[in-house]
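Quick mapping for you: the protein sequence lines, in order, are chains G and H. All the letters of the first sequence, read from the start, carry residue numbers 119 to 552 under this note's numbering. All the letters of the second sequence, read from the start, carry residue numbers 119 to 552 under this note's numbering. We treat Cβ as the ideally placed atom computed from N, Cα and C, and that holds for glycine.
Number of protein chains: 2
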Amino acid sequence: MTIQEEAHRMKLASPLMAASSAEERNRALAEIRDALTGHKKEIFDANRADLARADADAVSDSVKKRLRFDEKKLSSVLAGIDQVMSLPDPIGKVLLDRELDQNLELRRVRVPIGVIGVIFEARPDALVQISSLCIKSGNCAILKGGRETKETNRILFSIIKDAAVRAGLPASCLYQAEAHSEIDELLQCDRDVDLLIPRGSNAFVRYIMDHTRIPVMGHADGVCHTYVDRDADQDAALRILVDAKTQYAAACNATETVLIDRAIAGYFLPKLSRAFREEGVRVRGNQESLEALKKADFLLAEDPLMQDEDYHKEYLDLVASVKLVDGVKEAVSHINRFGSHHTDAILTENDRTAAYFLQMVDSAGVYRNCSTRFADGFRYGFGAEVGISTSKLHARGPVGMEGLMTYKYELIGHGQIVGDYADGKASFHFRDLI
Amino acid sequence: MTIQEEAHRMKLASPLMAASSAEERNRALAEIRDALTGHKKEIFDANRADLARADADAVSDSVKKRLRFDEKKLSSVLAGIDQVMSLPDPIGKVLLDRELDQNLELRRVRVPIGVIGVIFEARPDALVQISSLCIKSGNCAILKGGRETKETNRILFSIIKDAAVRAGLPASCLYQAEAHSEIDELLQCDRDVDLLIPRGSNAFVRYIMDHTRIPVMGHADGVCHTYVDRDADQDAALRILVDAKTQYAAACNATETVLIDRAIAGYFLPKLSRAFREEGVRVRGNQESLEALKKADFLLAEDPLMQDEDYHKEYLDLVASVKLVDGVKEAVSHINRFGSHHTDAILTENDRTAAYFLQMVDSAGVYRNCSTRFADGFRYGFGAEVGISTSKLHARGPVGMEGLMTYKYELIGHGQIVGDYADGKASFHFRDLI
Chain G
119 MTIQEEAHRM KLASPLMAAS SAEERNRALA EIRDALTGHK KEIFDANRAD
169 LARADADAVS DSVKKRLRFD EKKLSSVLAG IDQVMSLPDP IGKVLLDREL
219 DQNLELRRVR VPIGVIGVIF EARPDALVQI SSLCIKSGNC AILKGGRETK
269 ETNRILFSII KDAAVRAGLP ASCLYQAEAH SEIDELLQCD RDVDLLIPRG
319 SNAFVRYIMD HTRIPVMGHA DGVCHTYVDR DADQDAALRI LVDAKTQYAA
369 ACNATETVLI DRAIAGYFLP KLSRAFREEG VRVRGNQESL EALKKADFLL
419 AEDPLMQDED YHKEYLDLVA SVKLVDGVKE AVSHINRFGS HHTDAILTEN
469 DRTAAYFLQM VDSAGVYRNC STRFADGFRY GFGAEVGIST SKLHARGPVG
519 MEGLMTYKYE LIGHGQIVGD YADGKASFHF RDLI
Chain H
119 MTIQEEAHRM KLASPLMAAS SAEERNRALA EIRDALTGHK KEIFDANRAD
169 LARADADAVS DSVKKRLRFD EKKLSSVLAG IDQVMSLPDP IGKVLLDREL
219 DQNLELRRVR VPIGVIGVIF EARPDALVQI SSLCIKSGNC AILKGGRETK
269 ETNRILFSII KDAAVRAGLP ASCLYQAEAH SEIDELLQCD RDVDLLIPRG
319 SNAFVRYIMD HTRIPVMGHA DGVCHTYVDR DADQDAALRI LVDAKTQYAA
369 ACNATETVLI DRAIAGYFLP KLSRAFREEG VRVRGNQESL EALKKADFLL
419 AEDPLMQDED YHKEYLDLVA SVKLVDGVKE AVSHINRFGS HHTDAILTEN
469 DRTAAYFLQM VDSAGVYRNC STRFADGFRY GFGAEVGIST SKLHARGPVG
519 MEGLMTYKYE LIGHGQIVGD YADGKASFHF RDLI
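See the structure below:
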């Protein structure tokens, strides 16, 4: 079957999936948990094959760490399934209940989005996590993982799908795409797929966004800023900047650009240069910053001189752009112009300055006196994360399971027609019942 | 200035607009109301020029009715402004307030989307209504109305914008595009425009959706169904079908396709044929329905024989597609396949059948025993309507002012870094404060 045919079957199955009870969906999750435990030997074997291929391809250690699926990863995904099971049922919640007139009742009811396509990086634990979230939320899902873990994905997927169907969910609740060419086919399925969630590199996400009519949730760039104000607690600022830049430099929420108030640059830069040097952070800057940085003995990156447009750059590495600014106003206009509306922080003890920044920066996350690395669904207490959105529609910032939900309006009448309201024979009284 | 430059200025102004107080925005609305009253003579003069041009172009009476802006329309838009003023301030509402850890507080705060482009039909009252909604919601807006009312639009816009700026709103809060060529320019402004709301014909909305990377809210097709079940109250069904088809046939929420349970077709069709004949409704159908319709003496439309694919058709006229189905299951699968996920109704006294229909039909509105024509923001009690969305993301169905809002996350810390939580030196406790 082609992916178009699969997607169409899934579309037809999606109302059945949405109609499944919370018990059925939790039973499916329990079956999956037990089946993963029962088949762990086959899973680990498959993963060894993937890792052997990675060795042969001389893949880096940091990537191999993500590919590995061992006892520790297994127990972490099992704990994740338990957590998803314990979440309240997202389906059927009545969000609005309004009597429009006597015997004419409007309800806005939460329902699953329907058919979701998720394209994700080579991490076997991601496959388990995404399947669990889609099942719990009553969505059908087409999954496409990275090819570096294809053996592990294949066995994990077959265990998960069998268990879900055994528990009574529709046969078309889940589908795994394996060939890379299927991504382009998936992008054409705009009649049947309701939402795409691509995870991966900027270029990849941008490609998806540019080649489909299906709505896309996610983010391409993560150009996060931390602005150190004249009224910052400078010791705290150093700790925060080191964390925001180095705690996991490849993450989208790592700070890429450090903006420093000119008023304190003379004192602050030598301290920052020592802190960054210790962690191996190399810096770039425009002409003015570069002169200040050189004086303060920073490690310079290759090609350190930046033109204006270079401040759009996301490094995902131990490299930081630096710029001196004239206080919070210039910081805000730099961020709104060069940022990606992901997460941006101000470090200041001044309440008015902070309030201005939080109000004026047009980003999904606006932070005061903490690290941009907090921008994450787990750290926000959402339990499970679907992704991080820099779009302003639907879900913004870290997205939990509610990002996989929409609503429908039910209107229950007793023969009412609009003509009577247009003619003045009847009139609305709009009484909210909840 | 080009529209790109205007859009960019507007983007820079949008945080200021978002920061304006509810008092300022309401004062602007009051100024607009007073200025419209004060300048009504100029407005009516301009409208007469538009109407004279329409006469010269032999525009139809029904269109001219929409173009006309007279005392009656004026008092209706003034009442609309008063209503928008009386709505609660949508900005700044705290949607989530959670202590992640001691002294680390996360807030989800409602904010305007930013810069919105609205392209709307030739109706001067729409210009006033859309401007009021954008001002109240703290959004900057680029407006493009139909060219048939360009003189009226020009004077209305200049009165509205002057009043808004006089009341203290940013100079770039509103912009009117006048040339049709500016629409294509606007579609390119994806760096500065956050949302497009096109209103108008299917083909026009489809064109917008296909030619921009800016998110689009709205609907192209409105293929609404009414299914008459074997357990329907047939007298009520006739009244509802006549209303749903004829009360305003050109509306997107008018019923296009009538599905009839085969079990009652023999009794019901003669009654329906009389009711439709009286209102001038002509029908089309597939081979089987056509034979039944002819027997029952329906008025047939031109080219009455339909192939399967023809059931996607939206008439916006006194024409209905008819199909006989084997009960609710076939009705649901027809609707999910041929509908546009807008609004679909079942007429039945059977609770189980109704529950199945409401659950399984994948549309923004699922109705029981009332007319599809109720799908409308005013009739839902939203006070003001932005449009109707058939997308499943962001807003679905009739969209009130909340469709113009998004949120941002504020995280207020006291020096917290992620490293401490990763190392186990600190841990989250997730305590909701509201």
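Measuring straight from C-alpha to C-alpha, what distance separates residue i and residue j?
| i | j | result |
| --- | --- | --- |
| glycine 499 of chain H | glutamate 397 of chain H | 30 Å |
| glutamate 217 of chain H | aspartate 469 of chain G | 19 Å |
| alanine 350 of chain G | isoleucine 535 of chain H | 16 Å |
| histidine 337 of chain H | asparagine 257 of chain H | 21 Å |
| valine 283 of chain G | glutamate 141 of chain G | 14 Å |
| phenylalanine 386 of chain G | arginine 380 of chain G | 10 Å |
| methionine 523 of chain G | arginine 395 of chain H | 43 Å |
| arginine 186 of chain H | tyrosine 366 of chain H | 19 Å |
| isoleucine 248 of chain G | serine 139 of chain G | 19 Å |
| glutamate 269 of chain G | isoleucine 378 of chain H | 51 Å |
| alanine 170 of chain G | alanine 164 of chain G | 10 Å |
| glycine 318 of chain H | cysteine 307 of chain H | 21 Å |
| tyrosine 539 of chain H | serine 545 of chain H | 5 Å |
| proline 422 of chain G | glycine 403 of chain G | 6 Å |
| isoleucine 278 of chain H | methionine 135 of chain H | 16 Å |
| alanine 240 of chain G | valine 334 of chain G | 20 Å |
| asparagine 487 of chain G | phenylalanine 496 of chain G | 20 Å |
| lysine 363 of chain H | alanine 438 of chain H | 8 Å |
Does residue i get closer than 9 Å to chain H when you measure Cβ to Cβ?
| i | result |
| --- | --- |
| glutamine 122 of chain G | no |
| leucine 224 of chain G | yes |
| serine 489 of chain G | yes |
| valine 517 of chain G | no |
| methionine 135 of chain G | no |
Name the DSSP bridge partner or partners of residue i?
| i | result |
| --- | --- |
| lysine 526 of chain G | G:Val227 |
| asparagine 439 of chain G | Sequence inspection shows serine at residue 439 of chain G; the asparagine mentioned does not correspond to that position. G:Thr375, G:Arg402, per the DSSP bridge assignment. |
| isoleucine 552 of chain G | Bridge partners of isoleucine 552 of chain G: none, in fact. |
| threonine 461 of chain G | G:Gly483 |
| glutamate 258 of chain H | The sequence shown places cysteine at residue 258 of chain H, not glutamate. Paired residue(s): H:Val233. |
| cysteine 488 of chain H | G:Gln534 |
| aspartate 215 of chain H | H:Arg225 |
| serine 507 of chain H | H:Gly515 |
Which whole-angstrom value is the C-beta distance of residue i and residue j, which I expect to be below 8 Å?
| i | j | result |
| --- | --- | --- |
| alanine 502 of chain H | methionine 519 of chain H | 6 Å |
| valine 227 of chain G | lysine 526 of chain G | 6 Å |
| valine 446 of chain G | aspartate 347 of chain G | 6 Å |
| glutamate 266 of chain G | alanine 172 of chain G | 6 Å |
| valine 233 of chain H | leucine 261 of chain H | 12 Å between Cβ atoms; not a contact. |
| alanine 281 of chain G | alanine 146 of chain G | 7 Å |
Shortest alpha-carbon distance to residue i belongs to which of the options?
| i | options | result |
| --- | --- | --- |
| glycine 531 of chain G | H:Ser290, H:Gly483, H:Ser545 | H:Gly483 |
| histidine 452 of chain G | G:Asp173, G:Asp435, G:Ser481 | G:Ser481 |
| leucine 356 of chain G | G:Val399, G:Leu304, G:Ile260 | G:Val399 |
| tyrosine 325 of chain H | H:Gly340, H:Leu305, H:Arg309 | H:Leu305 |
| proline 208 of chain G | G:Leu224, G:Ser193, G:Ile231 | G:Ile231 |
| leucine 130 of chain G | G:Gly542, G:Asp310, G:Lys191, G:Val341 | G:Asp310 |
| leucine 511 of chain G | H:Ile378, H:Ile332, H:Glu239 | H:Ile332 |
| glutamate 448 of chain G | G:Val376, G:Leu274, G:Lys412, G:Val437 | G:Val376 |
| methionine 119 of chain H | H:Asp215, H:Arg272, H:Ser290 | H:Ser290 |
| histidine 343 of chain G | G:Ser489, G:Ser509, G:Ser180, G:Leu408 | G:Ser489 |
| leucine 154 of chain G | G:Arg272, G:Ile552, G:Ser407 | G:Arg272 |
| serine 298 of chain G | G:Phe238, G:Leu287, G:Ala259, G:Gly340 | Per the sequence shown, the amino acid found at residue 298 of chain G is histidine instead of serine. Comparing Cα positions, the closest option is G:Phe238. |
| aspartate 200 of chain H | H:Arg143, H:Val229, H:Arg225 | H:Arg143 |
When you compare the CB of residue i with every CB in chain G, is at least one pair closer than 9 Å?
| i | result |
| --- | --- |
| phenylalanine 416 of chain H | no |
| histidine 532 of chain H | yes |
| methionine 203 of chain H | no |
| tyrosine 525 of chain H | yes |
| serine 481 of chain H | yes |
| glycine 505 of chain H | no |
| leucine 213 of chain H | no |
| lysine 510 of chain H | yes |
| alanine 338 of chain H | no |
| isoleucine 382 of chain H | no |
Within 8 Å: the Cβ of residue i and any heavy atom of the ligand SAM?
| i | result |
| --- | --- |
| alanine 176 of chain H | As for the ligand SAM, it is missing from this structure, which has no ligand bound. |
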